[in-house]
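Only one structure is covered here, and it is reproduced in the block below.
Numbering (my numbering), first residue to last: 6 to 364.
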């Protein structure tokens, strides 16, 4: 029997199919008749709707953009989309990513200038230099930017919600140890003399160990660098619809392409399959699972791009010139960045022309 809440929800929905509550998880239509059509049941099964979702509705139209909705354990409405809608959304998302990728050298140049030349003790200079340091760390470490709510409610952290407890500076090295989203442990060491100097000063100035690391004490009071400041800096420098998350998407994409091009994995992995290895390395760098990295952070054509002669040559040239095969070093090489952007742009244009020829 339906709950009062579920009954009210159905009244507000478009006509469709409904999954019953309980262990059976049967599908019925609006008249409570069981769904027996095999193709429909296969389509519904392919949506992989979690058993824990309640008030689950599905469209009767296999071509509908929204294929299903439901309410998860936290009370949030979730959606399942058609393959076409997902592809369209991915293309929009990754089109913006390529604009961002093309602007990375400009962004890095600005960050470098701010780190080296904003050396005064004025409040504005100190804040901007701290923001530049945060952007450099996100670029090199692929940190999540951080959410005050997650830090408060879940005790999980991103870069701007770290405290001095989470960092240790030794010379030019900054060591990070903290629990990130999904309660995944992070341990990362970044060698950067300019950022190390800034972080060391921030640590020294904190009044207590639980204060946000990126807090600047000025005559006018405390100014905290949060996600909004970091995202504004990135957007202004790139003139792209980009945020700190875009950096992570770029990092996952570039890492997968570099591994596909023959770069070495920074960590021992169980899999020997090159395609899975690329996703596993991206997941390792991002602090995600393979599936999350594949679905949300790696461009659908990243592996194909990595197999192109241009990207393979750029990766080989970077290793040869630096003498380092470290993957993070490859991701910081503007030549590798440019080759991945150019190849993904070429592949995206070829896909667009192919779709148009079919229509």
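For glycine and all other residues, C-beta sits at the position ideal for the given N, C-alpha and C.
### Task
Taking only the alpha-carbon atoms, compute the straight-line gap between residue 95 and residue 147 and give it to the nearest angstrom.
Those two C-alpha atoms are separated by around 21 angstroms.
#### Entry: Cβ-based burial, residue 293 [other Cβ within 10 Å; buried from 16]
So residue 293 ends up on the buried side.
### Message
My output table needs one value for residue 54: the three-state DSSP class, helix, strand or coil.
### Response
For residue 54, the secondary structure class from DSSP, reduced to helix, strand or coil, is coil.
### Under the three-state DSSP convention, the category residue 76 falls into
DSSP places residue 76 in strand when its eight states are reduced to three.
### Query
Straight-line CA distance for residue 212 to residue 183?
Taking the CA atoms as reference points, residue 212 sits about 20 angstroms from residue 183.
### Other residues of its chain near residue 255: CB distance less than 8 angstroms, five sequence neighbours each side excluded
The residues are 102, 105, 106 and 109.
### Task
Compute the distance between the beta-carbons of residue 172 and residue 204, then report whether it is under 8 angstroms.
With contacts defined as CB atoms closer than 8 angstroms, residue 172 and residue 204 qualify as a contacting pair.
### Query
Hey, how far is the Cα of residue 126 from the Cα of residue 319?
Residue 126 and residue 319: Cα-Cα distance of roughly 41 angstroms.
### Query
Using CA coordinates, which residue listed in 179, 44, 97 and 144 is at the minimum distance from residue 238?
Checking every option, the nearest Cα to that of residue 238 belongs to 144.
### Task
Within the stretch 190-220, note down every full beta strand (DSSP E) run reaching 3 residues or more, in order along the chain.
Those beta strand (DSSP E) runs which fall completely within the stretch 190-220 and span 3+ residues are 190-196.
### Task
Look up residue 223 in the DSSP assignment and say whether it is helix, strand or coil.
Three-state DSSP puts residue 223 in a strand.
### Query
Between 307, 281, 100 and 306, which lies nearest to residue 295 when the distance is taken from Cα to Cα?
Per the Cα distances, 281.
### Message
Suppose you measure from the CA of residue 286 to the CA of residue 191; what does that come to, to the nearest Å?
### Response
Between the alpha carbons of residue 286 and residue 191 lies a gap of roughly 15 angstroms.
### Query
At a cut-off of 7 angstroms, is residue 242 close to the ligand COA when judged by its beta-carbon and the heavy atoms of the ligand?
No copy of the ligand COA occurs in the structure displayed, which carries no ligand at all.
### Task
Classify residue 63 as helix, strand or coil using the three-state DSSP reduction.
For residue 63, the three-state secondary structure derived from DSSP is strand.
### Query
Excluding five sequence neighbours on each side, which residues of the same chain lie with their C-beta closer than 8 angstroms to the C-beta of residue 347?
Setting aside the 5 residues that flank it on each side, residue 347 is surrounded in the same chain by 315, each with a C-beta closer than 8 angstroms to its C-beta; the list follows chain order.
### Segment limits, alpha helix (DSSP H) that includes residue 122
From DSSP, the alpha helix (DSSP H) with residue 122 extends over 88-122.
### 6 angstroms Cβ shell around residue 193 - same chain, five flanking residues per side excluded
Taking C-beta separations shorter than 6 angstroms and ignoring five residues to either side along the sequence, the partners of residue 193 in its chain run 146 and 181, following chain order.
### Query
For residue 307, which residues of its own chain have a beta-carbon under 6 angstroms away from its beta-carbon, when the five flanking residues on both sides are left out?
The residues are 258, 261 and 262.
### beta strand (DSSP E) runs contained entirely in the stretch 118-183, provided each spans 3 or more residues
Fully enclosed beta strand (DSSP E) runs of 3 or longer: 172-175.
### Query
According to the neighbour-count rule (16 or more other Cβ atoms, all chains shown, within 10 Å of its Cβ), is residue 68 buried or exposed?
Residue 68 comes out exposed.
### Query
I think residue 381 touches residue 201, with their Cβ atoms under 8 angstroms apart; what is that distance to the nearest whole Å?
Outside the displayed span of the chain (6 to 364) sits residue 381, for which this structure offers no information.
### Message
I'd like the span of the beta strand (DSSP E) that includes residue 329, first residue to last.
### Response
Premise fails: residue 329 is in no beta strand (DSSP E) and is neither H nor E.
### Task
Look up residue 277 in the DSSP assignment and say whether it is helix, strand or coil.
In the three-state reduction of the DSSP assignment, residue 277 falls in the coil class.
### Limits of the unbroken beta strand (DSSP E) element including residue 22
Looking at the DSSP string, the run of the beta strand (DSSP E) that includes residue 22 is 22-24.
### Task
Identify which residue in 58, 185, 72 and 113 has its Cα closest to the Cα of residue 48.
Ranking 58, 185, 72 and 113 by CA distance to the CA of residue 48 puts 72 first.
### Message
Tell me the DSSP secondary structure of residue 248 in three-state form.
### Response
The answer is coil: DSSP assigns residue 248 none of H, G, I, E or B.
### Task
With a 10 Å radius around its C-beta and 16 neighbouring C-beta atoms as the bar for buried, classify residue 97 as buried or exposed.
An exposed status is given to residue 97, since fewer than 16 other beta-carbon atoms sit within 10 Å of its beta-carbon.
### Task
Answer with buried or exposed for residue 247, where buried requires no fewer than 16 other C-beta atoms within 10 angstroms of its C-beta.
By the neighbour-count criterion, in which 16 or more other beta carbons inside 10 Å mark a residue as buried, residue 247 falls on the buried side.
### Query
Between the beta-carbon of residue 80 and the beta-carbon of residue 58, is there less than 8 angstroms?
Cβ distance not < 8 angstroms, so residue 80 and residue 58 don't count as in contact.
### Query
Taking the Cβ atom as the reference point for each residue, do residue 242 and residue 111 lie within a distance shorter than 8 angstroms?
For residue 242 and residue 111, yes; Cβs fall inside 8 angstroms.
### Query
At what residue ranges does the stretch 290-351 contain a whole run of the alpha helix (DSSP H), taking only runs of 4 or more?
Entirely contained in the stretch 290-351, the alpha helix (DSSP H) runs reaching 4 residues are, in chain order, 307-311, 314-327 and 332-336.
### Query
Cα-Cα, which of 42, 30, 253 and 34 is closest to residue 53?
The option with the nearest alpha carbon to residue 53 is 30.
### Query
If you drop the 5 nearest sequence neighbours on each side, which residues of the same chain put their C-beta closer than 7 angstroms to that of residue 229?
Within the same chain, residue 229 has close Cβ partners 217, 219 and 220.
### Message
For residue 45 and residue 149, I'd like the C-alpha separation in whole angstroms.
### Response
Between the alpha carbons of residue 45 and residue 149 lies a gap of roughly 40 angstroms.
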